[in-house]
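Protein chains in written order, with this note's numbering: chain A, 83 to 639; chain B, 2 to 213; chain C, 719 to 1077.
Cβ atoms here follow ideal geometry from the backbone N, Cα and C, with glycine treated the same way.
Quick caveat, the model's predicted, so the values are computed rather than measured.
Some notes on the structure that comes next.
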């Protein structure tokens, strides 16, 4: 039961193409596509058979667990939808499972098949109370350990059970594992996270270089890191839950506030998902505008990445140079969208405003300017021997690990994994521009850094190709005043600034979504931190955290 | 006593500040009992120092934090006002800029950070989330405004506020600092909201015990 | 050149005229102490202002410009603020050590500060092992840092202090070695002696040419590390340890660390000036007597302070350009590169002196 028919072409390391002069002519406006183009029809599996099915799929080369969505179907039970992707063929499979037991829901864990499932399953446990047998670390991940109830269940009275607690949060040093015995009984076992003799240092939640309020509990041996336990949720705002009570246009507002350095791309993903579910085809002009905005946002994000990394490593001057250049991009955003950071630009079926008359000249000015100042940034920071010593060989992630942990974006590409959605499943106007997917092989911090710096150049070349070829057309399709998405399950993803940003939308035909799940780009990166950092020095934690480039509000949602 | 304290902020005339009424009310409240001339001159000197050297704590939870970085960067340059010495340790900071959403999990941490700061300390609530919960008022995990946990001196609205409004907010804070008295009186009339709540709870408990 | 001894001798004469010898010396000591403390404060203010402006210009910013012309009064604001800030006493800490630590740091840097040769005859402490005394006195500071880390009962502070201890004690070795190299050249450890010699024969960095230049570079690196300044600011490394060993200090206690950091920078530059760049000795070029005479008219204090601020500027430049090193890299740099190089350099200098190859 193969489901999506997304076009996939795995991009081999593209040879450096000469700067393309002409752009492919835009395809003719397609006839109104059939509704629900990206509707997914998951394979439905009983919980008892899930483990076997997943093992079969894993053996069939479905090696990337892209997304795991917990859902409360009420009378149909509590369960999950697994989105699996094959990195070699690009095939996507959705698997759905549900258990009817609301009191003590149990599902088999797949965390030994895909490393990232560890944190995804903890998330599902946190929100829905589904416990996974065989999962080594069944703790809450976002909410406090003394939280009562499971907020995403439709019948949970969260506010009533959880008044504002001003006591310090309890942090357990051991955790529970449920073991499913051969005879079907379930026994509980305690696993130790930190032993009594460990020297545990808390990095965060208020710490200058965790990029927000992330909390790492770090066990140290001298200056060497023995183990890291990330504690999340200090900026968990329950956006997915709020979305369930908002109308579709209202849900758009919150995507900008998740990964605020990928505001355009996040909103693009959600708009695309809803548009495809409605069967709306946006005009060519909108597609090109969205592509350009996505790329500007990507440059913005990567420059900020550079600045923050430099700041974390103590090179304050490089930080300010980065911000100087970033302001130029913000100027462009500001003229067209009105905002600097939260842009609210994409809408369902189009964009909010037409481009400002200054947009094209400003972008044309920006391209050579940034190419020049990139050289300056490289001269200031990249070539510095101290930086090279601190980044090279630090925090190596192999390709297998990157796939297993689902570390998409620059982090995955630094390890040699071709995962750029703009190449593998082109959307918007990406199929008509020429650019290289930047891939490196080393997988260390320096590679992760260079990937992002090189991607700025690629993004500039995309902008260069599009800036003179913005087609005429309407900027907003006619939409009904109240948007109701037909019943079904929909999934679409874009290449965000730091990886695949996916939207899983389950609709029951209402004016607000039944369940809206975002595949966070940062959560897998944070989950991989323990693997990345073990055995490194404390100072490397800063380098690694800086180069994997997670945004905490995007991790916590 | 007439209100004599009209703090001067360089380059912005007093009249051009918004909401001078609230400010004048505050000044009147602070100077209710009148002040000694010598003490008030010394006060002015110290306040001049304090208001021009408000070192912020690097504290950012989300989007507004990025705008705070932009304020520190070259174009807006908060260093002009002498605020660029951001301290990472709350012990050494003078003002905490609560930039970003405060969730219920973060609330005790924020409270603790505030308690760790050395007096005199100030709080600026930056952005919609910190003021009232912003777009997340429907959430089960967001504190609807930091003033529920710690007393706030200045509110800077916006989502996120523009760097200019950051600077304007900081100037308003400077005016507030300049209006305060260093010697003799307590400046903070408003009670710590959390402590006030705890006090009422304790009182209730005591009353219950007495009745029993 | 103007000899400051005239002033001191006149003062001594005047005082002994009106009071007994012991009282005169006591009064003089108090006056000198006051002078040191005032100078200390004045230089701290100048340095902090300079740091903020220099860093702003490196970063295409303006820096403080609201209080006073060009923000000149900015640091005074900070001082008023710092003085009125609450000093927090912590539970579960060793109160005595916790309060003692900042004073140790500030005392160490003050004693070292007092050794600097400001002008001919204007020096508070001068005896035959002056350089040795400077090295010894400046090492007391690390005790303060270690105590601060230990007594704060905070893991960040402890890690910061341990790093600081490892770093400072290691780099002390390089500093000692470079000093030894230069003493080899000068043949005296007396501070005035070293400067007088340079006044007569030219600055040491020119006299000792190759080994002296190597020693100067090593001294700049090691001195920067001694001051815990970037790229060696690991002990207070903001992005890892929030504020390192002084995380738990507030108010003026923190102010002392802040002061000591900048004064240590000045002292480090001052010693470089004293040993390598001729102290208060003006620039003389052999053969150009007219030029030399003009140079002699500029007071020694101006020469000394000017040269010191030049070195301070170099150190600031370093700080605002480079990213921070990692602790193992810092120690590797010292033990694998700087120590062997400075040892070889010492041998080279000894040969130079033995064969009379210096100027």
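Pull up the distance between the alpha-carbon of residue i and that of residue j, whole angstroms please.
i	j	result
residue 641 of chain A	residue 549 of chain A	With chain A represented from 83 up to 639, any question about residue 641 of chain A goes unanswered, as that position is not in the structure.
residue 9 of chain B	residue 769 of chain C	27 Å
residue 859 of chain C	residue 831 of chain C	12 Å
residue 591 of chain A	residue 568 of chain A	5 Å
residue 116 of chain A	residue 508 of chain A	Low confidence applies here, because residue 116 of chain A scores a pLDDT of 48, under 50, leaving its location unreliable; read the following figure in that light. Cα to Cα, the separation comes out at about 19 Å.
residue 416 of chain A	residue 375 of chain A	12 Å
residue 523 of chain A	residue 529 of chain A	8 Å
residue 825 of chain C	residue 782 of chain C	30 Å
residue 349 of chain A	residue 141 of chain B	23 Å
residue 163 of chain B	residue 68 of chain B	7 Å
residue 800 of chain C	residue 388 of chain A	34 Å
residue 121 of chain A	residue 361 of chain A	10 Å
residue 893 of chain C	residue 994 of chain C	13 Å
residue 624 of chain A	residue 1006 of chain C	56 Å
residue 121 of chain B	residue 48 of chain B	11 Å
For residue i, which residues in chain E fall below 8 Å Cβ to Cβ?
i	result
residue 972 of chain C	This model lacks chain E altogether, as its protein chains are A, B and C.
So, helix, strand or coil for residue i, using DSSP?
i	result
residue 102 of chain B	coil
residue 224 of chain B	The requested residue 224 of chain B does not occur in the structure, where chain B is confined to residues 2 to 213.
residue 217 of chain A	coil
residue 242 of chain A	helix
residue 1048 of chain C	helix
residue 731 of chain C	helix
residue 928 of chain C	helix
residue 207 of chain A	helix
residue 441 of chain A	helix
residue 253 of chain A	coil
residue 521 of chain A	coil
Is there at least one Cβ from chain C nearer than 8 Å to residue i's Cβ?
i	result
residue 614 of chain A	no
residue 180 of chain B	no
residue 47 of chain B	yes
residue 83 of chain B	yes
residue 466 of chain A	yes
With distances taken Cα to Cα, identify the nearest neighbour of residue i among the options.
i	options	result
residue 276 of chain A	A:268, A:343, A:267, A:257	A:257
residue 155 of chain B	B:173, B:134, B:141	B:173
residue 160 of chain A	A:225, A:363, A:173, A:207	A:207
residue 531 of chain A	A:553, A:463, A:582, A:514	A:463
residue 222 of chain A	A:512, A:605, A:179, A:313	A:313
residue 771 of chain C	C:793, C:1022, C:751	C:793
residue 902 of chain C	C:1061, C:811, C:1005, C:822	C:1061
residue 904 of chain C	C:737, C:1070, C:725	C:1070
Is any heavy atom in the ligand ATP found nearer than 7 Å to the beta carbon of residue i?
i	result
residue 324 of chain A	Because no ligand of any kind appears in the structure shown, any question about the ligand ATP cannot be addressed here.
Compare the C-beta of residue i against all C-beta atoms of chain A and say whether one is closer than 8 Å.
i	result
residue 1059 of chain C	no
residue 112 of chain B	yes
residue 86 of chain B	no
residue 136 of chain B	yes
Got a sec: is the Cβ-Cβ distance from residue i to anything in chain B below 8 Å?
i	result
residue 818 of chain C	no
residue 285 of chain A	no
residue 226 of chain A	yes
Near-chain C residues of the stretch 211 to 222 of chain A - C-beta to any C-beta below 9 Å: For the stretch 211 to 222 of chain A, the set of residues with a beta-carbon nearer than 9 Å to any beta-carbon of chain C is empty.
Residues from the stretch 392 to 421 of chain A in contact with chain C, defined by Cβ distance under 9 Å: For the stretch 392 to 421 of chain A, which is checked against every Cβ of chain C, the residues closer than 9 Å are 392, 393, 394, 395, 396, 397, 398, 399, 400, 401, 402, 403, 406.
Interfacial residues, the stretch 50 to 77 of chain B to chain C, with Cβ spacing under 7 Å: Of all residues in the stretch 50 to 77 of chain B, 50, 51, 53, 54, 75 have a Cβ within less than 7 Å of some Cβ in chain C.
Residues in the stretch 289 to 315 of chain A having any Cβ partner in chain C nearer than 7 Å: Flagged, chain order: 289, 290, 291, 305.
Where the stretch 96 to 109 of chain B meets chain A: residues whose CB sits under 8 Å from a CB there: Result list: 101, 102, 104, 105, 106, 107, 108, 109.
Short-range partners of chain C found in the stretch 11 to 33 of chain B, where Cβ spacing is below 9 Å: Residues of the stretch 11 to 33 of chain B whose Cβ lies closer than 9 Å to any Cβ of chain C, in chain order: 11, 12.
Within 8 Å of chain B by C-beta, residues of the stretch 245 to 262 of chain A in sequence order: Those residues of the stretch 245 to 262 of chain A that come within reach of chain B (Cβ to Cβ, closer than 8 Å) are 246, 247, 248, 249, 250, 251.
Contact residues within the stretch 1037 to 1064 of chain C, judged by C-beta distance below 8 Å to chain A: Listed in sequence order: 1038, 1039, 1040, 1041, 1042, 1043, 1044, 1045, 1046, 1047.
Against chain B: residues of the stretch 313 to 336 of chain A by CB proximity under 7 Å: Within the stretch 313 to 336 of chain A, the residues whose Cβ lies closer than 7 Å to some Cβ of chain B are 315, 316, 317, 318, 319, 320, 323, 324, 327, 335, 336, listed in chain order.
Chain-ordered residues of the stretch 138 to 155 of chain B with a beta carbon less than 7 Å from chain A: The residues in question are 139, 140, 141, 142, 143, 144.
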